[in-house]
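Enquirer:
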Amino acid sequence: MQESVNINSSFKQNLSEVDSAAHLEKLLRQQSQQPSPYENNLAILGCGYVGKALAKYWQKQGHFVTGTTTSQQRLLSLSEVTSQVILMKGDDANAVQSLFQDRDAVVVSVAPTGSKAVSEEIYESTYLPTAWNLAKALNQTPTVKQIIYLSSSSVYGDRQGEWVDESSPIAPEERKSQVICEAEKILLQAANENQKVCILRLGGIYGPGRELTRMFGRLAGMTLAGRGERFINWIHLDDIVGAIEFARLNKLEGIYNLVDDSQLTLKKQAELVCLRYGLTPVQWDPSKPSLKAKSVRISNQKIKAAGYQLVHPQLFLVPTN
Ligand SMILES: NC(=O)c1ccc[n+]([C@@H]2O[C@H](COP(=O)([O-])OP(=O)(O)OC[C@H]3O[C@@H](n4cnc5c(N)ncnc54)[C@H](OP(=O)(O)O)[C@@H]3O)[C@@H](O)[C@H]2O)c1
Numbered sequence: 001m002q003e004s005v006n007i008n009s010s011f012k013q014n015l016s017e018v019d020s021a022a023h024l025e026k027l028l029r030q031q032s033q034q035p036s037p038y039e040n041n042l043a044i045l046g047c048g049y050v051g052k053a054l055a056k057y058w059q060k061q062g063h064f065v066t067g068t069t070t071s072q073q074r075l076l077s078l079s080e081v082t083s084q085v086i087l088m089k090g091d092d093a094n095a096v097q098s099l100f101q102d103r104d105a106v107v108v109s110v111a112p113t114g115s116k117a118v119s120e121e122i123y124e125s126t127y128l129p130t131a132w133n134l135a136k137a138l139n140q141t142p143t144v145k146q147i148i149y150l151s152s153s154s155v156y157g158d159r160q161g162e163w164v165d166e167s168s169p170i171a172p173e174e175r176k177s178q179v180i181c182e183a184e185k186i187l188l189q190a191a192n193e194n195q196k197v198c199i200l201r202l203g204g205i206y207g208p209g210r211e212l213t214r215m216f217g218r219l220a221g222m223t224l225a226g227r228g229e230r231f232i233n234w235i236h237l238d239d240i241v242g243a244i245e246f247a248r249l250n251k252l253e254g255i256y257n258l259v260d261d262s263q264l265t266l267k268k269q270a271e272l273v274c275l276r277y278g279l280t281p282v283q284w285d286p287s288k289p290s291l292k293a294k295s296v297r298i299s300n301q302k303i304k305a306a307g308y309q310l311v312h313p314q315l316f317l318v319p320t321n
């Protein structure tokens, strides 16, 4: 496992967006252990940032894709990348049940949206009723052979920079992470011999429209308390779409971490991003204690051992124009 990155090797990953999409398709074709099963009937509960990108990819592959949103205003734009859009929430048991009808697989990519500071109550009311309804619908719909559920690596909590993998015990202190764990458990318990549940625990998501430069740009030129030694785990949008498709084609079940190989400290990430985009470097003041924040290194060996090859193993920093 890699603990540090060579700046130059990071930049070698900077394929153009077009090359990157072609590379993703080629990798997925190579990694599939069976001929590409076109024209499946697939549903995505929660067509936000990830769900929409997945819908676009699947529709291009010729599948019948049903996507959902909770907002009337998004219906039109989603209709361009799906075969069908449904306005619904996961707490509506009947709507979840009908979403499952005749589907081959369902991807769940739900997250509370709207307000920036999402409360614990909103987490509970978003994730838990949705999980119960999904479990019930799976039970009642034998055509659905797999649920792929997008979860979060935040379930590992703070490990003070230690490595964790899928077998590591989890006991998150924060209520929000506890809710995510509960949702995972409800889904895993609903699996049976013919209906698989695959949980992907994602690192922080970045990609087009959620560039790292936006996140780190705010820190440029600032002096931050501490040494920046905490580890932050990322995953690029291309790899989320890629891993979901890999999980579907290879009928994965159980829990898989999905983070890249970079495993960098906050300090190194800030250095890379500032250097790449010509931003004023971030300074650190070790005389001041760091703000309390999680630090954990997450192993991605399990999904790689299953055969998935990352499209962006290192931080993908898009060239500036
Ligand atoms: N963001 C991260 O860095 C991160 C990190 C780890 C894991 N994850 C997980 O990755 C997945 C994808 O994240 P994302 O960034 O693509 O999320 P996103 O852009 O916020 O999209 C979330 C989607 O869920 C829908 N939604 C919200 N509340 C719902 C409800 N009660 N019932 C049904 N649908 C509901 C939203 O509806 P609208 O279309 O109406 O907005 C939206 O389509 C999520 O499962 C998230 O928990 C995210």
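First residue of the sequence shown? That's 1 in my numbering, and the numbers climb one at a time after it.
Note that the Cβ used here is the ideal one computed from N, Cα and C, for glycine as well.
1. With which residues is His236 paired in a DSSP beta bridge?
2. Can you tell me whether DSSP reads Phe316 as helix, strand or coil?
3. Considering only the beta carbon of each residue, do Gly90 and Thr141 sit closer than 8 angstroms?
4. I'd like to check one pair, Val318 with Leu219: are the Cβ atoms closer than 8 angstroms?
5. Under three-state DSSP, which class holds Asn139?
6. Going by the CB atoms, is the gap between Asp104 and Leu45 shorter than 8 angstroms?
7. Nearest CA to the CA of Tyr308: which residue from Leu266, Asp238, Pro289 and Ser287?
8. Going by C-alpha distance, which of Gly157, Glu162 and Pro169 is nearest Arg175?
9. Let me check understanding here. Comparing Cα to Cα, which of Leu291, Pro112, Ala135 and Arg74 lies closest to Thr223?
10. Using only CA atoms, which one of Leu200, Glu39, Leu76 and Gln146 lies nearest to Ala191?
11. Looking at the unbroken beta strand (DSSP E) that takes in Asn257, where does it start and where does it end?
12. Excluding sequence positions up to five away, which residues of its chain have a Cβ less than 6 angstroms from the Cβ of Gly207?
13. Rounding to the nearest angstrom, what Cα-Cα distance links Trp163 and Val107 in this structure?
14. Within this structure, are the beta carbons of Ile205 and Tyr49 separated by less than 8 angstroms?
15. Considering only the beta carbon of each residue, do Asn233 and Val273 sit closer than 8 angstroms?
16. Who are the Cβ neighbours of Glu55 in its own chain at under 8 angstroms, not counting the five residues just before and after it?
17. On the DSSP bridge list, what partners appear for Arg297?
18. Going by other Cβ atoms of all chains shown within 10 Å of its Cβ, with 16 needed for buried, is Lys185 buried or exposed?
19. Whose C-alpha, out of Ala306, Ile303, Lys294 and Leu134, is nearest the C-alpha of Val197?
20. I need the DSSP call for Cys181, collapsed to helix, strand or coil.
21. Within 10 angstroms of its Cβ, does Thr265 collect 16 or more other Cβ (buried), or is it exposed?
22. Looking at Tyr256: is its Cβ nearer than 8 angstroms to the Cβ of Glu120?
23. By DSSP, does Lys323 sit in helix, in strand, or in coil?
24. Could you check the C-alpha separation between Lys268 and Met88 for me, to the nearest Å?
25. Quick one: grab the DSSP three-state call for Cys198.
26. Confirm, please, whether the CB-CB distance from Leu128 to Glu182 is below 8 angstroms.
27. Among Tyr123, Ala111, Gln97 and Phe100, whose alpha-carbon lies nearest the alpha-carbon of Thr69?
28. Give me whichever residues DSSP pairs with Gln283 in a beta bridge.
Expert: The answer reads as follows:
1. According to DSSP, which records beta bridges pairwise, His236 is partnered with Tyr206.
2. Residue state for Phe316 is assigned as coil, using DSSP reduced to three classes.
3. No, Cβ-Cβ distance for Gly90 and Thr141 is not below 8 angstroms.
4. Judged by their CB atoms, Leu219 and Val318 are not nearer to each other than the 8 angstroms cut-off.
5. Helix, per DSSP.
6. For the pair Leu45 and Asp104, the CB atoms are not nearer than the 8 angstroms cut-off.
7. Here the closest residue by C-alpha is Asp238.
8. Distances from the CA of Arg175 to each of Gly157, Glu162 and Pro169 were compared; the closest alpha carbon is that of Gly157.
9. Nearest C-alpha to Thr223: Leu291.
10. Of the candidates Leu200, Glu39, Leu76 and Gln146, Gln146 places its Cα closest to the Cα of Ala191.
11. Element bounds for Asn257: Gly254 to Leu258.
12. Counting only Cβ-Cβ distances below 6 angstroms, and skipping sequence neighbours, we find His236 and Leu237.
13. The alpha-carbon atoms of Trp163 and Val107 are separated by roughly 28 angstroms.
14. The answer is yes: Cβ separation under 8 angstroms.
15. No. Outside cutoff.
16. The question names Glu, yet the displayed sequence has Ala at residue 55. Annotation for Ala55: Ile44, Cys47, Val65, Gly67, Leu78, Val81 and Thr82 place their beta carbon closer than 8 angstroms to its own, counting only its chain and skipping 5 residues before and after.
17. DSSP lists Trp163 as partners of Arg297.
18. The residue in question, Lys185, is exposed, as its Cβ has fewer than 16 Cβ neighbours within 10 Å.
19. When each option's Cα is compared against that of Val197, the closest is Leu134.
20. Collapsing the DSSP output to three states places Cys181 in a helix.
21. Per the 10 Å Cβ criterion, buried.
22. No. Outside cutoff.
23. Because the chain in this structure spans residues 1 to 321, residue 323 falls outside the shown range and cannot be described.
24. When rounded, the distance between both Cα atoms is 42 angstroms.
25. Strand.
26. In this structure, Glu182 places its C-beta atom within 8 angstroms of the C-beta atom of Leu128.
27. When Tyr123, Ala111, Gln97 and Phe100 are compared, the shortest CA-CA separation from Thr69 is found for Ala111.
28. For Gln283, the pairing in a beta bridge is given by DSSP as Thr223.
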